[in-house]
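The next block holds one structure in the form of structure tokens; read it before the comments.
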């Protein structure tokens with residue numbers, strides 16, 4: 005039970021920190037410096053999460069990353085399709101969050 009509350013606390017802290025850093029990075033920039041693209045920031049963030057997830061899967065599967073991918077991605081296309089909808093919505097949410105924090 006303690007692990008659930010600790011995970012919740014860490015997720016809240018991560019989200020608050022993310023929003024504060026995003027706001028700061030979008031509003032405080034040197035004069036005459038163009039603002040970075042929010043889509044590029046979202047892409048980099050998603051790539052980092054992808055590589056971290058791959059490392060966790062490799063660790064948990066005992067090094068059988070390709071076998072896990074085959075079982076859970078290639079052989080389960082409907083499950084992957086179910087995950088695509090929330091993933092797309094999450095990406096849209098992140099882009100809108102950057103847009104909202106820019107003003």
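In my numbering, the protein residues as written are 5 to 107.
Positions of the beta carbon are idealized from the N, C-alpha and C atoms, including for glycine.
Please read these numbers as outputs of a predicted model, since none were measured by experiment.
Does the separation of the CB atoms of residue 30 and residue 19 fall below 8 Å? no
Residue interval of the alpha helix (DSSP H) (run including residue 102): 81 to 105
Excluding sequence positions up to five away, which residues of its chain have a Cβ less than 7 Å from the Cβ of residue 107? none
If you reduce the DSSP assignment to three classes, tell me which class residue 5 lands in. coil
DSSP state of residue 21, grouped into three classes? helix
Less than 8 Å between the CB atoms is what I'm expecting for residue 98 and residue 16, so what's the real figure, rounded? Going by Cβ atoms, the distance from residue 98 to residue 16 rounds to 17 Å, so no, they are not a contact pair.
Tell me whether residue 76 sits in a helix, a strand or coil according to DSSP, three-state version. helix
Using the beta-carbon count (16 or more within 10 Å), is residue 94 buried or exposed? exposed
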